[in-house]
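Reviewing the structure listed below.
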Amino acid sequence: MLRKIFVTGAGGFIGKNFIQRQSFAAERRFKILTRIEPATPLLKGGLVEPVLGDLLKPETYRAALEGCDAVVHLAAATGRTIRSEYQRINVDGTMALLQACKIAGVQHFLHVSTIAAGYPDQRYYHYAQTKLQAESLVRESGLDFALLRPTIVLGENSPIWKVLVKIASLPVVPLPQGQPVRVQPVHVNDVARGIDRLLERDHLNGEILELGGPRQMLFSEFLQLIQIALRGAPGKIVRVPLSPFRFGLAALEPLLRPVMPVTAGQLSVFANDSVASENWLLAELRASMPSTQETIAALVPNKVGRSSATQSELDSSLLPALLSVPLVAECRSFTSYLVGCSSSPYVEECYILAAQEHGLADEVDFSCFDRATLRVARLGRTSARWADSYCALFRRNGILRRKLILLAAILEHVSPTSKAFDDVEPSSLARTFFSIGAFGLTSVVSVLIGAIILFPAGVVCWLATRIMGSVLQTRQTR
């Protein structure tokens, strides 16, 4: 175990939570770099010693580094600062700290970075660019290191949580997207636990460890979970083109950055998946992580003035709504596909109740391929057509077809969607033949596209099922 730890950025969001966890780690001692003398002791028992200094002036803290087993580097410039400040703190500051570690003989270096450092599209995002540069410096330092990349970090006083609440509280939420992106929010306590685990095991052997929460989801679903927690129901989300929006913000940023609510760089979260690749640290922590719903529910009372409710009362009241988010998304997508219009709240409520009644609500019971087809079908009207066309030929009794039949039965008996089933527009013979031909051509194209998307998914699911079956059989025979 690494016992004497030097910490930068202990006053930040993750840093504070990490230090507060150490009240139970009496075998450790910490030195934290700070520019201002703390007004009160950080921890009782002398576990934490403040070191007055400046990250960019290593002479102010180099002596304090001597005798330390490891450095946990959390300090970083974030938010809507200027490019030169990102460079100064995130790159130059990291370089100064690494050089000081070498002089002081500190061999272990844990660099807490960000999932954004791995974004394929970092245009305009100077924060991500400089964090990636800092990672390169750590790799080239010759020290024993690990790079920890948290995803979207939630928790009390989370900076991004405040922004998300403002967005989710809007009557209509504009969601800038080129293509749907996934997120995997993680609680700050789990990030702190991850840092602890790396220090406990002295596991700094050059790995990049991405750390997210227990489940991946679409960004739109994440926003809907927040909306449900805030007001009891998902709100209206309107997708807007991302590229022109980012370009316009980037052009205005040099002049209006101080008053802009968001920068072009910060919109990179809508252009890239913010999910963690599987690794041993995530696997160890996942089982004891709170769900995203639980994390959001715990944050809502403190943010919107509902602190009188107990946590258990809040969780029980929100649980049905939180579980219905995927059902609402598919109801809207399927309704648009079946009758060409939006679903009403009444139809959505009927669909959720019917799905629960017929055992079609909980995805845990579905096969791997059924879950894959549902994810595709939920993306929108056209995607639902592709998935249904494929399943109509190759999986007629699958979950998707059963759900579509269930929804069609509801829509057939509800106004105004019942007209789509009852009314027949008068048409000439020529128009009838043309309509039949167009329908046939559309069906063929939809089947082909559905096959391109879902056939590989079916193969992967089949292989995964066979492999898991073999593993379980092997374990049972031992």
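Residue 5 is where the sequence shown starts when you use the numbering used here, and the numbers rise one by one after that.
By construction, the Cβ of each residue, glycine as well, lies at the ideal position given by its N, Cα and C atoms.
Just so we're clear, the structure is a prediction, and the values are computed from it rather than from any experiment.
For my contact list, residue i and residue j are in at a C-beta cut-off of 8 angstroms; report their separation, rounded to the angstrom.
i	j	result
G217	Y129	With a Cβ gap of about 22 angstroms, G217 and Y129 do not count as contacting.
A196	R32	So it is not a contact: roughly 13 angstroms between Cβ atoms.
S117	R153	5 angstroms
Q181	V279	Actually they do not touch by this definition, with Cβ atoms about 16 angstroms apart.
L215	H112	Not really, about 19 angstroms apart at Cβ, beyond 8 angstroms.
V52	L114	The pair is not a contact, with the Cβ atoms about 17 angstroms apart (cut-off 8 angstroms).
L271	L246	7 angstroms
V192	V157	5 angstroms
E225	A301	The Cβ separation is near 15 angstroms, so there is no contact.
C354	I440	Not quite, the Cβ-Cβ distance comes to about 33 angstroms (not below 8 angstroms), so this is no contact.
Y104	R66	It is Ala, not Tyr, that sits at residue 104 in the sequence shown. Between R66 and A104 the Cβ distance is about 5 angstroms, and since that is below 8 angstroms, they are a contact.
N21	G159	7 angstroms
T267	L253	6 angstroms
I199	T155	Actually they are not in contact, since the Cβ atoms of I199 and T155 sit about 15 angstroms apart, beyond 8 angstroms.
Alpha carbon to alpha carbon, what distance is there between residue j and residue i?
i	j	result
V418	P460	38 angstroms
S88	K135	13 angstroms
G16	F249	30 angstroms
T339	C345	7 angstroms
L342	G384	11 angstroms
S450	Y394	7 angstroms
I356	R382	15 angstroms
I107	L69	9 angstroms
L208	D392	48 angstroms
I456	S447	14 angstroms
T377	L404	7 angstroms
T296	V190	8 angstroms
I453	L203	49 angstroms
T82	A121	13 angstroms
E211	F149	7 angstroms
S347	T38	55 angstroms
G444	E288	51 angstroms
R205	S292	19 angstroms
L326	S422	Interpretation of L326 is limited by its pLDDT of 46, a score under 50 that renders its predicted location unreliable; the figure taken from the coordinates is listed afterwards. Straight-line Cα distance between these residues: approximately 29 angstroms.
S371	R470	13 angstroms
W466	F373	8 angstroms
I409	D369	19 angstroms
Q91	P258	17 angstroms
M367	Q360	A small correction: the amino acid at residue 367 is Glu; Met does not occupy that position in the sequence shown. Roughly 11 angstroms between the two C-alpha positions.
A412	T299	35 angstroms
A79	Y131	13 angstroms
I40	F251	39 angstroms
K240	S145	49 angstroms
Quick one: what's residue i bridged to in DSSP?
i	result
F17	Beta-bridge pairing links F17 to no other residue.
M293	Its beta-bridge partners do not exist; DSSP assigns none.
K35	F10, E53
P163	DSSP output for P163 lists no bridge partner at all.
R186	L222
I212	L151
P420	Answer is none; P420 lacks a bridge partner.
I241	V177
F113	V75, F149
V157	V190
S278	V187
D58	K61
Buried or exposed: where does residue i fall if 16 or more other Cβ atoms within 10 Å of its Cβ makes it buried?
i	result
D277	buried
P163	exposed
K166	exposed
Y350	exposed
K407	buried
K170	exposed
R389	buried
D125	exposed
V110	buried
S281	exposed
H362	exposed
A255	exposed
E386	Looking at the sequence shown, residue 386 is not Glu but Thr. By the 10 Å Cβ count, T386 comes out exposed.
S140	exposed
K48	Residue placement at K48 cannot be trusted, given a pLDDT of 48 that sits under 50; what the coordinates show is reported in the next sentence. With fewer than 16 other Cβ atoms within 10 Å, it is exposed.
P262	exposed
P238	buried
V380	buried
I36	buried
L260	exposed
- Message: Count Cβ pairs between the stretch 229 to 237 and the stretch 166 to 182 that sit closer than 8 angstroms; are there 3 or more?
- Response: Counting C-beta pairs with one atom in each stretch, the stretch 229 to 237 and the stretch 166 to 182 have three or more that are closer than 8 angstroms, which means they touch.
- Task: Mind the definition here: the stretch 56 to 71 touches the stretch 96 to 105 only if three or more C-beta pairs lie below 8 angstroms; say whether that holds.
- Result: As far as the Cβ criterion goes, the stretch 56 to 71 touches the stretch 96 to 105, which means the pair count is three or higher.
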